[in-house]
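Asks:
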Amino acid sequence: MSRFQDALQRNQPRVVENWIARGQRAGYARLAASSAALWAQGVSGMTKALIAASGGEASEPEVTSFAVHEAQRHRARGLSLGLFIALFKELRYAFREVLSGDLSEEDGAFAASVIERTFDQCELAVCTDWDSADADLRLAEFQREVQVQTEEKIRYLTILDGLPLAVMFADREGRVHLMNRVAAELFVPELGGVAGVGAWARAGEVLGDLAEELRKFDASGRMEASFEREVRTAAGPRFFQVSLRRTVDVSERFLGTVLILNDISARRAAEESLERAHKDLDRLVRERTMELAKTTELIETVIRYAPLAMVLLTPEGVVRMWNPGAERLFGFTEAEAVGRLAPFVRPEDAEDFRVHNLMVANSGIPHKFDVTRHRKDGTPVEIEAYVAPINGPDGRAESVIGIVVDVTAQRQADRALRESELRYRTLVEMSPDAIAVHQDGKVVFANPAAARLLGAASPEELLGRPMLDFVHPRDRDFVARRVRQMLAGQSVPKADETFLRLDGSSLMVETSAAPITFQGRPAVQVLVHDVTARKETEDTIRKQAETLKAQTEMLRALSDLDREMAQHLYPETMLQAVLRMMPNGPSLVSISLLDEEFGHVAVAMTRDASLAIVEEECVSLEQGLLTEVVEKGAPLFVEDLARE
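The letter at position 633 of the sequence shown is residue 633 when you use the working numbering, and the numbering goes up by one with no holes.
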């Protein structure tokens with residue numbers, strides 16, 4: 001018995017599969033729910049009944065209750081007793097067939113007897129319950145079933161009305177019995193969007209020429225169909241995706257057709273718009289292709305006749321295109337260059353060139369290089385190369401184009417210029433004269449002589465300082481005006497100015513200035529010569545000239561004195577006359593008359609600051625100054641005494 005019960009539990013899935021297959025072969029598949037889970041529920045219930053019956057202790061109601069309950073449920077659905085018993089017999093055969101193949105002969109015989117006895121009891125109980133049901137009970141059950149069906153119908157109609165699709169049902173006579181809100185709005189808007197059940201319209205009156213498609217479908221016997229077509233609606237023709245599905249009752253009798261219409265007008269419009277766009281795109285592609293062909297021809301013409309060398313390389317550096325400019329520059333013909341590594345690269349540089357070219361190709365950006373290559377005859381040529389990657393349709397670089405400019409002459413000129421500038425800078429650095437350059441009002445260059453002149457430890461100490469900081473305040477306006485004139489293109493002469501050293505001391509200088517270009521921008525170069533010593537010499541000469549003038553006047557006065565002396569007998573009168581003849585002379589004057597015979601001053605006169613003349617006492621000749629005057633035979637001036 002236990003082996004029988006184990007076999008029942010173990011083989012339930014196989015029994016379900018067997019029962020479904022038998023029901024489908026017998027044409028009963030539509031009488032039960034299509035879900036395999038519900039078929040499995042029936043197998044599970046009868047498995048429990050068979051286990052209970054195999055023990056021999058269960059009462060008959062315990063064995064037959066499941067079958068009776070299932071019969072009542074199917075009876076409420078409208079299934080006849082005969083159809084239920086037929087379906088129940090297929091389940092009996094499914095149990096017998098599955099278990100007979102899984103048990104021994106003895107256990108199989110036991111299983112067959114239990115199955116037969118149990119199913120016989122269940123069928124008898126079902127028939128008895130079916131026939132003995134009270135009429136009032138049947139009526140109550142019928143009312144409950146009607147209520148359930150009504151509620152179910154309301155739910156379905158609510159769902160139906162909520163669909164964004166137009167749904168209708170037409171019976172086998174072609175009459176429309178039901179349509180949801182969307183269908184009513186499309187085809188019978190006068191109903192206010194509400195439609196119910198009832199044969200209230202012919203399909204032709206509602207669907208127009210779609211009714212003919214419905215008639216053909218009903219006559220075909222097919223279960224479903226789908227197609228697209230234009231349908232007339234109350235608002236005008238629109239395109240729909242139409243789905244037709246046949247409906248039958250439990251006895252396979254044809255009831256009618258469900259029509260589902262999905263409005264695809266917007267989609268069709270989009271498709272038509274897309275088709276037009278495709279046509280426009282095709283036309284545009286053709287036009288662009290023609291333009292591209294013209295552009296390509298133009299580019300090829302430019303490349304062919306461009307005066308510059310132009311080459312097209314693979315990412316690995318192999319030549320794909322070699323224009324006449326490249327032939328003229330490097331000496332290789334197109335036939336000699338195409339298909340090989342760029343011929344202007346020497347063998348020892350080939351690997352570096354490949355790596356470098358790959359780097360350019362993978363960078364995705366243009367590059368500029370200054371490099372030396374070689375012509376066919378081996379002579380070096382300095383070039384400026386502008387290279388850029390060219391991407392293919394997949395976005396990866398498929399070529400590298402290069403435009404090459406011969407800059408050999410320019411580089412030679414640059415080197416000569418640098419050498420000239422170096423020589424000039426050396427001369428400036430070694431110049432004994434101070435040389436400086438100021439730009440935008442600030443010192444940007446100074447030679448060592450300028451640093452020494454202005455008291456700086458090095459030229460760098462002067463750089464960046466305002467130029468006018470080194471000019472005496474009284475000369476700054478003058479210097480600023482000269483700078484403006486030079487920057488405006490006017491020439492200015494040499495000028496004497498007063499400069500200030502870093503320690504604040506002043507010095508006299510002579511400047512020569514001229515506008516120049518320094519590091520690509522306008523500037524002023526100044527040559528400064530220290531004239532302090534010259535100015536001091538000039539001042540000394542001026543003072544000596546003034547002294548000489550005074551001495552000349554004194555000699556003239558002495559000459560006049562000789563004449564006076566001849567006219568006067570007394571020495572005192574003579575000395576007074578001399579002093580009076582010097583009204584513009586010094587304010588303090590002493591004059592003496594020497595007596596050579598006795599060796600002393602005979603008479604001495606002095607004119608003080610008030611111009612009063614007084615007589616002084618006679619002094620000895622040994623007192624120094626008088627002796628010097630006598631010995632020299634010339635006047636002695638106080639300024640000379642101060643210098644001595």
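Ideal placement from N, C-alpha and C gives every residue a C-beta, glycine not left out.
Being a predicted model, the structure only gives us computed values, none of them experimental.
With a threshold of 7 Å on Cβ separation, who are the neighbours of G378 within its own chain once the five nearest residues in sequence on each side are excluded?
Replies: What you label residue 378 is simply residue 378 of the sequence shown in a count that begins at 1. If we look at G378 and ignore the five residues flanking it on each side, it has no Cβ neighbours.
Asks: Enumerate, from N- to C-terminal direction, the unbroken alpha helix (DSSP H) stretches of 4 or more residues contained entirely within the region 46–111.
Replies: You should have 60–76 and 81–100.
Asks: As a quick exercise: from R77, L261 and G339, pick the residue whose alpha carbon is nearest that of L312.
Replies: By 1-based counting over the sequence shown, the position of residue 312 is 312. That would be G339, whose Cα lies nearest to the Cα of L312.
Asks: Can you tell me which residues form a DSSP beta bridge with W322?
Replies: Numbered from 1 along the sequence shown, position 322 holds the residue referred to as residue 322. Paired residues: V311.
Asks: Which first and last residues belong to the beta strand (DSSP E) in which D352 is found?
Replies: Mapped onto the sequence shown, residue 352 falls at position 352. Segment A350 to S363 is the alpha helix (DSSP H) holding D352; no beta strand (DSSP E) there.
Asks: Out of G78, L157, Q241 and A67, state which residue places its alpha-carbon closest to the alpha-carbon of T128.
Replies: For the purposes of this step, residue 128 is identified with residue 128 of the sequence shown, where counting begins at 1. Of the candidates G78, L157, Q241 and A67, the one whose C-alpha sits nearest the C-alpha of T128 is A67.
Asks: Give the range of the beta strand (DSSP E) segment to which G504 is assigned.
Replies: Residue 504 sits at position 504 when you count from the first residue of the sequence shown. That residue, G504, is in no beta strand (DSSP E); it is neither H nor E in DSSP.
Asks: So D280 is in the alpha helix (DSSP H); what residue range does that whole segment cover?
Replies: Taking the sequence shown and counting its residues from 1, the one referred to as residue 280 is at position 280. Where D280 is concerned, the enclosing alpha helix (DSSP H) stretches over S265 to Y305.
Asks: If you drop the 5 nearest sequence neighbours on each side, which residues of the same chain put their C-beta closer than 6 Å to that of P366?
Replies: Numbered from its first residue, the sequence shown carries residue 366 at position 366. The residues are A388.
Asks: If you run the structure through DSSP and keep just helix, strand and coil, what is P393?
Replies: Counting from one through the sequence shown, the residue named residue 393 turns up at place 393. Here P393 sits in coil by DSSP.
Asks: Can you name the start and end residues of the alpha helix (DSSP H) that M486 belongs to?
Replies: Position 486 of the sequence shown, counted from the start, is the residue given in the question as residue 486. First-last of the alpha helix (DSSP H) with M486: R476 to L487.
Asks: Can you give the beta carbon distance from L214 to A170, rounded, assuming they're within the 8 Å contact cut?
Replies: Here the question's residue 214 lines up with position 214 in the sequence shown. Here the question's residue 170 lines up with position 170 in the sequence shown. Indeed they touch by this definition, with Cβ atoms about 6 Å apart.
Asks: Using a Cβ-Cβ cut-off of 8 Å (strictly less than) and excluding sequence neighbours within five positions of Y305, which residues of its own chain qualify?
Replies: Walking along the sequence shown from the start, residue 305 turns up at place 305. The residues are P324.
Asks: Specify the secondary structure class of Q9 as computed by DSSP and reduced to three states.
Replies: Indexing the sequence shown from 1 puts residue 9 at position 9. Helix.
Asks: Using the Cβ count rule (16 or more neighbours within 10 Å means buried), how would you classify L548?
Replies: Within the sequence shown, residue 548 is the residue found at index 548, counting from 1. Answer is exposed; the Cβ neighbour count stays below 16.
Asks: Is it buried or exposed, H438, if we count other Cβ atoms within 10 angstroms and call 16 or more buried?
Replies: Mapped onto the sequence shown, residue 438 falls at position 438. Buried: at least 16 other Cβ atoms inside 10 Å.
Asks: According to DSSP, G317 sits in a beta bridge with which residue or residues?
Replies: On the sequence shown, position 317 is the one that residue 317 refers to. Looking at the DSSP assignment, G317 forms no beta bridge with any residue, so it has no partner.
Asks: From the DSSP output, read off the bridge partner residues of I260.
Replies: Residue 260 sits at position 260 when you count from the first residue of the sequence shown. The partner list for I260 (beta bridge, DSSP) reads V167 and S243.
Asks: List the residues that DSSP assigns as beta-bridge partners of M179.
Replies: Taking the first residue of the sequence shown as position 1, residue 179 is located at position 179. Answer is M168, bridged to M179.
Asks: Using 8 Å as the threshold, is the C-beta distance between L165 and N262 below it?
Replies: In the sequence shown, the residue the question calls residue 165 occupies position 165. In the sequence shown, the residue the question calls residue 262 occupies position 262. Their beta carbons are under 8 Å apart, which means L165 touches N262 by this criterion.
Asks: Check for me: the alpha helix (DSSP H) holding F217 runs from which residue to which?
Replies: In the sequence shown, the residue the question calls residue 217 occupies position 217. Looking at the DSSP string, the run of the alpha helix (DSSP H) that includes F217 is L210 to S220.
Asks: Our contact map puts L507 next to F470 with C-beta atoms below 8 Å; I'd like the distance itself, whole angstroms only.
Replies: Working through the sequence shown from its first residue, we reach residue 507 at position 507. Working through the sequence shown from its first residue, we reach residue 470 at position 470. Not a contact, Cβ separation roughly 10 Å.
Asks: So, with DSSP's three-state summary, where would you put F470?
Replies: Counted from its first residue, the sequence shown places residue 470 at position 470. Three-state result, F470: helix.
Asks: P515 and M486: beta carbons closer than 8 Å?
Replies: Translated into the one-based positions of the sequence shown, residue 515 becomes position 515. Translated into the one-based positions of the sequence shown, residue 486 becomes position 486. Yes, they are a contact pair.
Asks: If you drop the 5 nearest sequence neighbours on each side, which residues of the same chain put their C-beta closer than 7 Å to that of I403?
Replies: Taking the sequence shown and counting its residues from 1, the one referred to as residue 403 is at position 403. Cβ within range, chain order: L308, M310 and Y386.
Asks: On a Cα-Cα basis, can you pick out the residue from A488, G504, A480 and A513 that is closest to K494?
Replies: Mapped onto the sequence shown, residue 494 falls at position 494. For the residues A488, G504, A480 and A513, the minimum Cα distance to K494 belongs to A513.
Asks: Pick helix, strand or coil for R452, following the three-state DSSP scheme.
Replies: What you label residue 452 is simply residue 452 of the sequence shown in a count that begins at 1. R452 falls in the helix class under three-state DSSP.
Asks: Within the chosen definition, does the region 3–10 reach the region 101–108 through at least 3 CB pairs nearer than 8 Å?
Replies: The region 3–10 vs the region 101–108: in contact.
Asks: With DSSP as the reference, label G174 as helix, strand or coil.
Replies: The sequence position of residue 174 within the sequence shown is 174, counting from 1. Coil, per DSSP.
Asks: Could you compute how far the alpha carbon of A451 sits from the alpha carbon of M359?
Replies: In the sequence shown, the residue the question calls residue 451 occupies position 451. In the sequence shown, the residue the question calls residue 359 occupies position 359. About 51 Å.
Asks: Are the CB atoms of V509 and V528 nearer to each other than 8 Å?
Replies: Residue mapping note: residue 509 aligns to position 509 of the sequence shown, counting from 1. Residue mapping note: residue 528 aligns to position 528 of the sequence shown, counting from 1. For V509 and V528, yes; Cβs fall inside 8 Å.
Asks: Could you work out which residue in S265, R222 and I264 is closest to R245 when comparing CA atoms only?
Replies: The count along the sequence shown starts at 1 and reaches residue 245 at position 245. It is R222.
Asks: When we look at the beta-carbon of I154 and count the other beta-carbons within 10 Å, is it buried (16 or more) or exposed?
Replies: Translated into positions along the sequence shown, residue 154 becomes position 154. Flag for I154 reads exposed.
Asks: Could you tell me the alpha carbon to alpha carbon distance between K368 and I383, rounded to whole angstroms?
Replies: Position 368 of the sequence shown, counted from the start, is the residue given in the question as residue 368. Position 383 of the sequence shown, counted from the start, is the residue given in the question as residue 383. Looking at the two C-alpha atoms, the distance is approximately 10 Å.
Asks: Take L468 and list the residues in its own chain whose beta-carbon comes closer than 8 Å to its own, dropping the five residues that flank it on each side.
Replies: Mapped onto the sequence shown, residue 468 falls at position 468. Hits under 8 Å: G441, R476, V479 and A480.
Asks: Could you check where the alpha helix (DSSP H) with E336 kicks off and where it finishes?
Replies: Taking the first residue of the sequence shown as position 1, residue 336 is located at position 336. Here the alpha helix (DSSP H) through E336 covers E334 to A337.
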